[in-house]
Amino acid sequence: MHCQTIVLGAGIVGVSTALHLQARGRQVILIDRDEPGSGTSHGNAGLIERSSVIPYAFPRQFGALLRYGLNRQPDVRYSLAHLPKAAPWLLRYWQQSAPGRLAKAAADMLPLVQRSVEEHDALIEAAGLQALVQDKGWIEVYRDSTLFTKAKQELPGLARYGLRYEILDRAALQAREQQLDGDVIGGIHWLDPKTVSNPGGLTRGYAALFVQRGGQFFHGDARSLRQVEGGWQLDSRRGTVSADEVVACLGPQSAELYERLGYHFPLGIKRGYHMHYSTRADAELKHSICDTQGGYVLAPMARGVRLTTGIEFAASDAAPNEIQLRRCEALARKLFPALGERLDDKPWLGRRPCLPDMRPVIGPASRHRNLWFNFGHAHHGLTLGPVSGRLLAELLTGERPFTDPAPYSAARFD
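Quick note: the sequence shown uses the UniProt record's numbering, first residue 1, plus one each step.
Right, dumping it as structure tokens:
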């Protein structure tokens, strides 16, 4: 079977890319070895995160480095066995997190972040998925007065980003979320983001829209991709698929493809976990809550309250380790005493694909004709899927892109 474009990977980035190419007249086949939305797109905190205008940076203060070095913090944990392999990548990440470089990364990512909600809104409406999305923002809460004061002092510096927020003192926070522990002293309610009660369901809904509009989804393994005269071929369960061009949107599995083709992107993996919980019959969590000190999020989901952890540095294929989840769960039970029993048989483990300069790769491969990349969205794959899919589709079809694509070029790592 032949098509114009193969899109590899049916996570939020791949499905969004397929939809945008389809909307521009391309005949697209979407291919994944699993079902749409079953990988990293399934297990996140469900935030369409318009307010995260500053990328997650590597800590540079000596005190913070010392605390994390002891490996006892709930928000970041590392596997000692994995540390020697991760060290070169962590060094590059630390270098790129210097104030000047971080400011440049924030400026480069802003055009994507600014359009994230509106690009989702268009797909949500087209797919009829409004029931999965809430327009209530999310709240970061503070248990330490010094940290809360520092956070409030930093807010004027964000004025140029046009973000909407409300500062909540203890009483205002308790009025908004009555079930939170009384020791929480306040919070910041970010109003621009939207929240999703079933992130995997949202991705599958987008995939259903793609098929409804005439697209095809096949099961296949991206590692079988090969360049042939006139284009590309790949093996699927329905036989050989050929195409003029290929877009690789493989998230944390991207290296399985690009390394075979001779590329060496510095892709790192930040692992993370989630678990769902019941609540007391009379209790309700109304907003997604981020514990700034614990580094975890509690989010009301279709299945219950989902706790998502921060970062674990470990081998991508290493067995799950519950240490971080247990640390966060203990804090969450104090923050939200109505948290009940675990609802999942085991924790879900996800893998965030991260590049040390905190920008994704979006654009053409530098050494292969008609090969395109769209991966490396770090903590914000759900947020940036539709907008990066739009940018990739504009570049591939020769439209004028809505923003300068240079910061996301694959060639920056050549």
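Positions of the beta carbon are idealized from the N, C-alpha and C atoms, including for glycine.
Are there 16 or more other CB atoms within 10 angstroms of the CB of residue i, so buried, or fewer, so exposed?
i      : result
Leu298 : buried
Met1   : exposed
Val300 : The amino acid at residue 300 is misidentified as Val; the sequence shows Pro. So Pro300 ends up on the buried side.
Gln95  : exposed
Lys346 : exposed
His264 : exposed
Asp183 : exposed
Leu147 : exposed
Phe62  : exposed
Thinking just about the alpha-carbon of each residue, which of the options is nearest to the one in residue i?
i      : options                           : result
Ser316 : Ser51, Ala64 and Leu83            : Leu83
Arg367 : Gly295, Ala338 and Tyr258         : Tyr258
Val247 : Gln293, Gln179 and Glu394         : Glu394
Leu129 : Ala365, Pro364, Asp344 and Arg204 : Arg204
Ala281 : Gln179, Val196 and Gly186         : Gln179
Asn374 : Leu21, Gly389, Ala23 and Arg226   : Gly389
Ser41  : Asn71, Pro386 and Phe217          : Pro386
Leu267 : Cys328, Arg359 and Lys150         : Arg359
Gly37  : Cys249, Leu70, Gly201 and Asp235  : Gly201
Ser145 : Ala406, Pro364, Gln293 and Leu307 : Gln293
Pro88  : Glu35, Gly220 and Phe313          : Phe313
Asn198 : Pro407, Leu382, Tyr408 and Asp414 : Leu382
Pro252 : Glu125, His377, Thr397 and Asp414 : His377
Gln174 : Leu19, Lys286, Pro74 and Cys3     : Lys286
Whole angstroms is fine: what's the gap from residue i's alpha carbon to residue j's?
i      : j      : result
Tyr277 : Tyr206 : 27 Å
Gln134 : Tyr273 : 23 Å
Ala255 : Glu399 : 29 Å
Gln324 : Gly340 : 19 Å
Thr17  : Arg101 : 29 Å
Leu155 : Asp192 : 15 Å
Tyr161 : Ala131 : 29 Å
Gly14  : Ile289 : 28 Å
Ala159 : Ala127 : 34 Å
Gly25  : Asp344 : 42 Å
Gly57  : Arg303 : For the sequence presented, residue 57 should be read as Ala rather than Gly. The alpha-carbon atoms of Ala57 and Arg303 are separated by roughly 31 Å.
Leaving out five residues before and five after residue i in sequence, what residues of the same chain have Cβ atoms less than 7 Å from its Cβ?
i      : result
Thr240 : Gln233
Pro59  : Leu65 and Tyr68
Closer than 6 Å by C-beta to residue i: which residues in its own chain qualify, once you throw out the five before and the five after it? Chain order, please.
i      : result
Lys270 : Ile311, Arg352 and Cys354
Ala86  : Phe313
Which same chain residues end up closer than 8 Å to residue i when comparing Cβ atoms and leaving out the 5 residues on each side of it in sequence?
i           : result
Lys152      : Ile167 and Ile188
residue 458 : There is simply no residue 458 to check, as the chain begins at 1 and stops at 414 in what is shown.
Phe402      : Pro111, Arg115, Arg390, Leu391 and Glu394
Gln22       : Val28, Phe210, Arg213, Gly214 and Gly215
Phe217      : Ala10, Ile29, Leu30, Ile31, Asp32, Pro36, Ala207, Phe210 and Val211
CB of residue i to nearest heavy atom of the ligand FMN: below 7 Å?
i      : result
Gln179 : What this structure holds is no ligand at all, so the ligand FMN is not there to describe.
Inset, instruction - Could you say if the segment 169-183 and the segment 14-33 meet the contact criterion of at least three C-beta pairs nearer than 8 Å? - result: no
Inset, instruction - Please confirm if the segment 103-120 is in contact with the segment 50-63, defined as three or more CB-CB distances below 8 Å between the two stretches. - result: yes
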